[in-house]
Structure formats: C-alpha cells, structure tokens
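In full-length UniProt numbering, the protein residues as written are 1 to 458. Beta carbons: idealized from backbone N, C-alpha and C, even for Gly. Predicted, not measured: the structure shown is a model, and the values here were computed from it.
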C-alpha cells in the first residue's frame, strides 16, 4: 500500500514556513511522502538553493504568487489572506496533476496553515482530507475561537477593560490583545471574516498546535473543549531526540563569525538581541535599546537586518551600525546561526520581539506587532520566565528601563536573573520530554500518522 502523501501549504511568512517545514520533517521520518508548496518568489529566493531531505520522499514545489501584495505584511494580514484567494486555481491544478503522476501516490491530505480560510472548501471539493497547523500559542487560538465574546470591546485600542471571562485564560488587560484586534481592518469590517474562519476551525478533524502541555495546559484543555481534535505537537523546533533543529532556509546569509566572537566572552555574559524575520522597530526605539544595552555594561550581539529599522535611510542605518561597532562590548550582524548562538555558553539572555517561535528563549520581551504583546503577557505573567521592555505596543522605549531590565535578568542574585533562568530551563526540559518517544507531543503525531495511514488503506 502506498504511504500517505501530504501536501503542505504554509502562509508565506518565515515564522509560518519554518514550523511547517519542521512538522513535515517529522511526518517524513514516520514514512510520509511530503510535497511542500511555496510561493514562487520565495521558492526562487530561498528554496532553490536547498535540498529537501535527500530523496524524493520530500520535495519542494512552487506556485505563482503574483496576486499577493508587494508591500510588507505588518498588520495587513487580512489583505494578504484575501489576495491568497487568487492562488486556489493554481493549487487545484497542482493537486490534479499529482493525481496522474505515476512517480508519486495521489495526495492523501493537505496540510494548510490555519490562517488560510478557504482550505476547508478546497479540500471538500477535491475529496481530500485536511489538517491545519496553528503556528502560534494555544492561548491565542483559544482567544480566536471565542472572538464573539470580545465583539463588544473591539477594536480594543485605548480600552482599559480587564478581560476575565475567556474560558481557559487568566485575566488580562484589553491592551494586551493582538495588534490585529486593536484596530478595525478595512478588509475585514466588524472582524466577521476572522470570526467565520475560526468558526470553521471548530469542526476540523486535525488542528496541530505548536505548543506542549506543560507550557499551556489550561489553554490546550479549553481549546479541546471547543474542538477535541486540537492537538499539541510542539515545540516543533526540537527533533525527537530533544535536539534543537537548525533550518538553513532563510532570505539572509548567516554570519558565523559571531561564534568566534562569542568564544571570547565569559559564560552567560552576553545579551543576544534578535527581532526575527519580519518584525521592525523605529529608529528612535533602536537608539533607546542601544543606549540601554551600552549603559548596562553587558556585552551584546545584535542581529540588525537591512529592513529592521523603520524610518531610516541607508546612511542613518550605516551611522547607527558604526556607532554600535565602536562599542567594544557590542557586535552587530545581519543574520545569525540562531540555534548555535542560543546554545553557546556565553549567551545569558535573549532580547526579542516575543514571536511564538522564540518564547522558550526570551527573557527580555519587546513586542512589535501581531500577537506578540499577548505572548509577552503569557511569558511574563503566567510562565514567569521573562520581563517586559515595554507594556503595550504603542508605548515608547526608554533606555533607562532597558538598562534596568538587562541588569535584572543578567544579575546573579537569587531573586533576579538566576530564578528566571531556572524556570526557563525547567520549561525547556519539559519541551524536550514532550517531543521524545513517550512524550505527549510525539504521541499525538504518532496517532495522527496511524489515522492517516488507516485512511489510505480504506
């Protein structure tokens, strides 16, 4: 009998593509055939230079993306989702073509990013099983499931309401809601399209969540009350031996020279600063972050992408970079081999945007957009493994506060950084247990594999 053939279609942003690839790698290790779809522009930019797994069991293909907006994603999520409707026909033609390809079995299941709202109709029309990957937290998924409960306070910008009526979530302030709920989107009046998308998700057979039980026990349990088929399969960046996976696919070239610089630093003495692949900060905020880092007295390694700083021209960026480079305790690079950096003994803390993919590492949280301020609330208030650089998205950044928080996190007294690191270390150990054989996340994937193989045999 032919093995299951999964067609994977991520939302075209790095923070969504990477978890999808990592999930597909796990499925491939269980005997699945994987066809991974990327948009043509990203495929030519990133994937053309990469090999998949080493044989035809995992391959990358692309479809045209001329329909997508040319500007940055930012908070324009619904505009991008609406424009992706233009990719349905090409995707359908690809699936139909695979059905007549004797070299590979027909597609058994399409694994969609949960953002793509038309996936249910698409799979129903073709008679193919569907699974979804939710790349953010279970808490955020639960929030989206219960959006109708929030309609009376949306858009939430400027509101001070305490939200204490969401099943499975602790009380939190309306200012901590994702930025996409702070403002009404002209592409989604009244948030109706978003509500409809998550209503459909309540009936899905498989919804994979990039999380694990110890990190989000209450939200995961409450999400399963809404849809029993919500299953934790994370953290996806750990393989089934508990080792962290390094992905080589990126729009930027890694600067490995930073590892030699880290080798020269004392253990746990460096603050690693990275805002991921999409988030941006203003030039003035970046200056405040630098002043705070410099005044803290701690060494720092800062990833500054070419497109990181808003409102600055090339000359301003060069001047800013030169200023940092004059500081003997600082090093800037355009992109880092992040797994190796975070594993390095000299790194004592990560200052990040608190995207969900970085929450197991972040001790210093500086949210920029989307659900990052919501993630920060979970990391700081619930898990108690981090501190805030700023309270809400619109708040300014002050160098003195950055300095204080860096000193606190990097401190060595029992009640400050050591305690945060102890809790974060416990959480990482729990994460590794979950993805290894006999762990709950691993078991959930094994059960999915058995169910889909059974589906193939029918």
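| Query | Result |
| --- | --- |
| Are the beta-carbon atoms belonging to residue 440 and residue 212 less than 8 angstroms from one another? | yes |
| Does the distance from the C-beta atom of residue 346 to that of residue 268 stay below 8 angstroms? | yes |
| For residue 391, which three-state DSSP category applies? | coil |
| Whole beta strand (DSSP E) runs in the segment 90 to 116 with 3 or more residues, listed along the chain? | 109 to 113 |
| Residue 219: which of 401, 451, 292 and 382 sits nearest, CA to CA? | 382 |
| Looking only at DSSP bridge pairs, what is residue 130 linked to? | 110 |
| Throw me the rounded Cβ distance for the residue 207 and residue 201 pair, which I believe falls under 8 angstroms. | 6 angstroms |
| Kindly provide the ranges of any beta strand (DSSP E) runs that are 3 or more residues long and lie completely inside the segment 347 to 381, ordered along the chain. | 347 to 352 and 362 to 365 |
| Residue 385 and residue 423 - do their beta-carbons sit closer together than 8 angstroms? | yes |
| Determine which residues share a DSSP beta bridge with residue 9 and list them. | 112 |
| Classify residue 308 as buried or exposed, calling it buried when 16 or more other Cβ atoms lie within 10 Å of its own Cβ. | buried |
| Restricting to runs no shorter than 3 residues, where is the beta strand (DSSP E) found entirely within the segment 219 to 269? | 230 to 232 |
| Sort 76, 280, 246 and 173 by Cα distance to residue 180 and report the nearest one. | 76 |
| Output the distance between the C-alpha atoms of residue 449 and residue 27, rounded to the nearest integer angstrom. | 8 angstroms |
| Start and end of the alpha helix (DSSP H) containing residue 295? | 283 to 296 |
| At the level of alpha carbons, what is the spacing between residue 398 and residue 30? | 49 angstroms |
| Keeping to the same chain, check which residues put their C-beta closer than 7 angstroms to that of residue 106; ignore five residues upstream and five downstream. | 5, 98 and 99 |
| If I'm right that residue 68 touches residue 83 with Cβ under 8 angstroms, what's the distance once you round it to whole angstroms? | 5 angstroms |
| Buried or exposed, going by whether 16 or more other CB atoms sit within 10 Å of the CB of residue 253? | exposed |
| Classify residue 78: buried if its beta carbon has 16 or more other beta carbons within 10 angstroms, exposed otherwise. | buried |
| The alpha helix (DSSP H) with residue 2 in it runs from where to where? | Taken as a continuous stretch (DSSP letters only), residue 2 belongs to no alpha helix (DSSP H), as it is neither H nor E. |
| What does DSSP give as the partner residues of residue 60 in its beta bridges? | 36 |
| Which same chain residues, not among the five before or five after residue 414, have their C-beta less than 8 angstroms away from its C-beta? | The predicted model places residue 414 with a pLDDT of 45, which falls under 50 and marks its position as unreliable, so this point remains unresolved. |
| Take the Cβ of residue 225 as the centre, count every other Cβ of all protein chains shown within 10 Å, and call the residue buried at 16 or more, exposed below. | exposed |
| Bridge partners of residue 439, per DSSP? | Answer by DSSP bridge pairing: none, since residue 439 is not bridged. |
| Among 104, 103, 96 and 64, which one has its Cα closest to the Cα of residue 85? | 64 |
| Can the beta-carbon of residue 301 be found closer than 8 angstroms to that of residue 283? | no |
| Do you know offhand how far residue 446's Cα is from residue 289's? | 44 angstroms |
| What residue range does the beta strand (DSSP E) around residue 208 cover? | 207 to 209 |
| Between residue 294 and the rest of its own chain, which residues show a CB-CB distance below 8 angstroms, the 5 nearest in sequence each way excluded? | 327, 329 and 330 |
| Is there at least one Cβ from chain D nearer than 8 angstroms to residue 346's Cβ? | Going by chain labels, chain D is absent from the structure shown, which holds only one protein chain. |
| Hey, how far is the Cα of residue 350 from the Cα of residue 361? | 6 angstroms |
| With a CB to CB cut of under 8 angstroms and the five nearest residues on each side skipped, what residues in its chain are close to residue 142? | 166, 167, 168, 169, 219, 222, 223 and 226 |
| Please state the DSSP three-state secondary structure of residue 417. | helix |
| Among the candidates 255, 35 and 438, whose CA atom is the shortest distance from the CA of residue 339? | 255 |
| Thinking C-beta only, is residue 405 closer than 8 angstroms to residue 364? | yes |
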